[in-house]
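Protein chains: 2
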Amino acid sequence: MSSTKQTADSGSGSSSRRAELLALAGTLFAERGFKSTTVRDIAEEAGILSGSLYHHFDSKESMADEILRSFLDELFGTYREIVARELGPRKTLEAVVATSFEAVHNHHDEVAIFQNEAKYLVQFPRFAYLAERNAEFHELWTSILAEGVRTGAFRADLDVELTYRFIRDTVWVAVHWYKPAGSLSAEDIADEYLGIVLDGIAARRGRRPVRKSAG
Amino acid sequence: MSSTKQTADSGSGSSSRRAELLALAGTLFAERGFKSTTVRDIAEEAGILSGSLYHHFDSKESMADEILRSFLDELFGTYREIVARELGPRKTLEAVVATSFEAVHNHHDEVAIFQNEAKYLVQFPRFAYLAERNAEFHELWTSILAEGVRTGAFRADLDVELTYRFIRDTVWVAVHWYKPAGSLSAEDIADEYLGIVLDGIAARRGRRPVRKSAG
DNA sequence: GTCTATAACTAGATAGAC
DNA sequence: GTCTATCTAGTTATAGAC
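Residue numbers (UniProt numbering), protein chains in the order written: chain A, 1 to 215; chain B, 1 to 215.
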């Protein structure tokens, strides 16, 4: 994750500096938005002047492009592995949700950028792949849900399209409040979240013995 | 809501023009974000030049301020009415969710601005009330959930704080895909959403078969 | 690899004519 | 109520010195 991709590096690491700058830019893009982050902001964060950034990158767009491309390649690689395991709809949904919360944990900035800036960035031709990735998301989720309805794992009256949106949004929107250093791990949150989505928040009468007193 | 506040209107309505301009600005703020929307964009949308906007408003910030203030006053007024009815946790939750989806329907731009831009705007002193409104939201939702856990309406093992975030986010994030002209009304969506949150998407063995139609 | 200097352009806001 | 004209400041990006 840090020493790949350089061409003929002399040793101290021009490409690690590159990765360092990308990480700083990513954090700022995530916090303030792509358009609101200036190249001077990024340079200042790195302790250099804005002109010096152009020794490493073509443009501000290139930075966002590089950040998003590598993140999405990795994420969808993992999704494809999960689907290939053919665990059945419920287990697949659980695994995909868990992976997504892990991404919120391990690639917080990238998820935030993808969530918040994709709509703006996709208008530029070089970011056309963002629309493809969104379509891929849609296909992934709706086929899991539709299969679950077919096999009886999920309720027969589910509106698959609407349910897809709710699940997708709730998972990713966690990036707005999730703090990697917080008391709850990504796994804890995924578990709690799956509890709500699968079984609801209403108390059950006669099943799970979780309630305490009056009904 | 449209003919208040003008000083000595000559008849054709300087304040309706004002409302018109605010609506245009609101749509742009919602679509592109506050910072990315230029006063020239707004003026162009209105068919005038940027300088002319300053006859109606002090600044770009004033426009966002006015939009958010009136919307939030109305929304929280409705929330307070619901709470005052003392319907019990489950019915209160249903009413608050329904009201929120109605807001997504009736005040789409305002909800989007509040969702997407509050974090940025709140840094300016004049938008300090946004932080207060967020705290009010938190109080509203967590007391409904906590009471529900206490009375046994909701699962005893709920993490109230986490559940609050999930519900809050899922409701508001709908603003990103909800189209007022779409086939599903805000009420349809609120129903489907409440079905998921209250009872989950997993099929039940031997209990309530479904909520409304098919069996 | 970073800095200085600057070009080319975009932004919010103002003043006064019409 | 809108336009013309303009100011000031900020923004991306470039070129060449060190």
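From the three backbone atoms N, C-alpha and C, an ideal C-beta is built for every residue, glycine too.
By the criterion of at least three beta-carbon pairs nearer than 8 Å, the segment 57–68 of chain B is not in contact with the segment 63–72 of chain A. By the CB criterion at 7 Å, P89 (chain A) and I144 (chain A) fall inside the cutoff.
A direct Cα-to-Cα measurement between D191 (chain B) and F127 (chain B) gives close to 33 Å. Chain-order list of chain A residues neighbouring D58 (chain B): empty, with the shortest C-beta distance near 22 Å, by a criterion of under 7 Å.
One thing to note: F71 (chain B) has its Cβ within 7 Å of the Cβ of E110 (chain B).
Less than 7 Å separates the beta-carbon of V173 (chain B) from that of D169 (chain A).
Counting only Cβ-Cβ distances below 9 Å, W177 (chain B) has contacts in chain A at R165 and D169, in chain order. Within the segment 177–209 of chain A, there are no complete beta strand (DSSP E) runs of at least 3 residues.
In this structure T99 (chain B) touches I82 (chain B) by the C-beta definition: roughly 7 Å separates them, less than 8 Å. Ranking B:E161, B:S183, B:Y164 and B:T38 by CA distance to the CA of L162 (chain A) puts B:S183 first.
The three-state secondary structure of F34 (chain B), taken from DSSP, is coil. Within the segment 190–204 of chain A, contact with chain B at the beta-carbon level (separation under 9 Å) is assigned to E192, Y193, G195, I196, V197, L198, D199, G200, I201, A202, A203 and R204. DSSP lists no beta-bridge partner residue for F137 (chain B). Residue pairing by DSSP places F154 (chain B) opposite A:A202 in a beta bridge. Pairing P180 (chain B) with H105 (chain B) gives a Cβ-Cβ distance under 7 Å.
Within the segment 32–43 of chain B, those residues whose Cβ lies closer than 9 Å to any Cβ of chain A are, in chain order, R32, G33, K35 and S36. DSSP places L49 (chain A) outside any alpha helix (DSSP H), giving it a letter other than H or E.
Taking C-beta atoms under 8 Å as the contact rule, E117 (chain A) and G33 (chain A) qualify, at a distance of about 6 Å.
For D159 (chain A), the chain B residues whose C-beta falls within less than 7 Å of its own C-beta are E192, listed in chain order.
Rounded to whole angstroms, the gap between the alpha carbons of E44 (chain A) and S16 (chain B) is 45 Å. Against F154 (chain B), the close residues of chain A are I201, A202 and A203, in the order they occur along the chain (beta-carbon pairs closer than 8 Å). Beta-carbon to beta-carbon, L49 (chain B) and A202 (chain A) are separated by about 56 Å, too far to satisfy the 8 Å threshold.
Contact between D41 (chain B) and L28 (chain B) holds: CB atoms are separated by about 6 Å, below the 8 Å threshold. Close partners of L24 (chain A) in chain B (Cβ separation under 7 Å) are lacking, with about 20 Å as the shortest Cβ gap. For S59 (chain A), there is no enclosing alpha helix (DSSP H), as DSSP marks it with neither H nor E. Here DSSP, grouped into helix, strand and coil, assigns L145 (chain B) to helix.
With contacts defined as CB atoms closer than 7 Å, V122 (chain B) and A135 (chain B) fail to qualify as a contacting pair.
In this structure, L24 (chain A) sits away from Y79 (chain A), with a CB-CB distance that is not shorter than 7 Å. Listed by position along chain B, the residues whose Cβ is nearer than 7 Å to that of L49 (chain A) form an empty set, because the closest Cβ is around 23 Å away.
In the structure shown, H107 (chain A) adopts coil according to DSSP, grouped into three states. Chain B places no beta carbon closer than 7 Å to that of L72 (chain A), leaving this residue out of the contacts. Contact of L121 (chain A) with chain B is not assigned, every C-beta pair being separated by 7 Å or more. The contact set of V173 (chain B) on chain A, defined by CB atoms closer than 7 Å, consists of D169 and V173 in chain order. Its chain contains no residue whose beta carbon lies nearer than 7 Å to that of E74 (chain A) once the 5 sequence neighbours on both sides are disregarded. If you look at R168 (chain A), you'll find it in the alpha helix (DSSP H) that goes V160 to V173.
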